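A.B. asks: Take the position in the sequence shown, starting the count at 1, then add 1136; the result is the number in the working numbering.
Positions of the beta carbon are idealized from the N, C-alpha and C atoms, including for glycine.
Just so it is clear, the structure is predicted and the values come from calculations on it, not from any experiment.
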Amino acid sequence: DVKSLVQSVKTTFDTNSIQLLFNNVGISAVTNTVLSGDINSLKKVMDINVWSMIYGTRAFLPLLLKNPKTKQCYIINTGSIASIETGFGMYSITKHAVIAFSETIREELK
1137 DVKSLVQSVK TTFDTNSIQL LFNNVGISAV TNTVLSGDIN SLKKVMDINV WSMIYGTRAF
1197 LPLLLKNPKT KQCYIINTGS IASIETGFGM YSITKHAVIA FSETIREELK
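1) So what does L1156 bridge to, in DSSP terms?
2) Please indicate yes or no: does the CB of G1162 lie closer than 7 angstroms to some heavy atom of the ligand ADP?
3) Taking only three categories from DSSP, how would you classify K1246?
4) Which stretch, first to last residue, makes up the alpha helix (DSSP H) that contains K1250?
5) Just reading off the alpha helix (DSSP H) that I1175 is part of, what are its end residues?
6) Could you please give the first and the last residue of the uninterrupted alpha helix (DSSP H) stretch that includes S1216?
7) Would you give the residue range spanned by the alpha helix (DSSP H) that V1138 belongs to?
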């Protein structure tokens, strides 16, 4: 539960702001074949590799934007070589999404 994680960070570090969020998520399906692979397995890869990054960023964003010292925050989203190449099936699709998400939030946070 992401909300519990945010609360744990606030309590453990006695803070209402953070400067850095590091999203490092990645699993691969048993078969990455998009057209013939098990749809539930492919969905799980999308849920973990993409949606968990989105949920985490949205949950921690209020803490990131409250940084009183520098008024700056940093979000690092880890991709992989699959972020810029194909050949890894569903994993490639989700890692391409990491780049798209990163570029989108950069624009939205300007």
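C.D. replies: Reading off the structure:
1) What you label residue 1156 is simply residue 20 of the sequence shown in a count that begins at 1. Answer by DSSP bridge pairing, in chain order: Y1210.
2) In the structure on display, the ligand ADP does not appear, and there are no ligands present to speak of.
3) Against the sequence shown, residue 1246 aligns to sequence position 110. Three-state result, K1246: coil.
4) The first residue shown for the chain is 1137 and the last is 1246, placing residue 1250 beyond what the model contains.
5) In the sequence shown, the residue the question calls residue 1175 occupies position 39. Here the alpha helix (DSSP H) through I1175 covers 1175 to 1182.
6) As a first step, residue 1216 must be located in the sequence shown, where it is residue number 80. Looking at the DSSP string, S1216 is not in any alpha helix (DSSP H), and its letter there is neither H nor E.
7) Within the sequence shown, numbered from 1, the residue matching residue 1138 stands at position 2. Residues 1138 to 1148.
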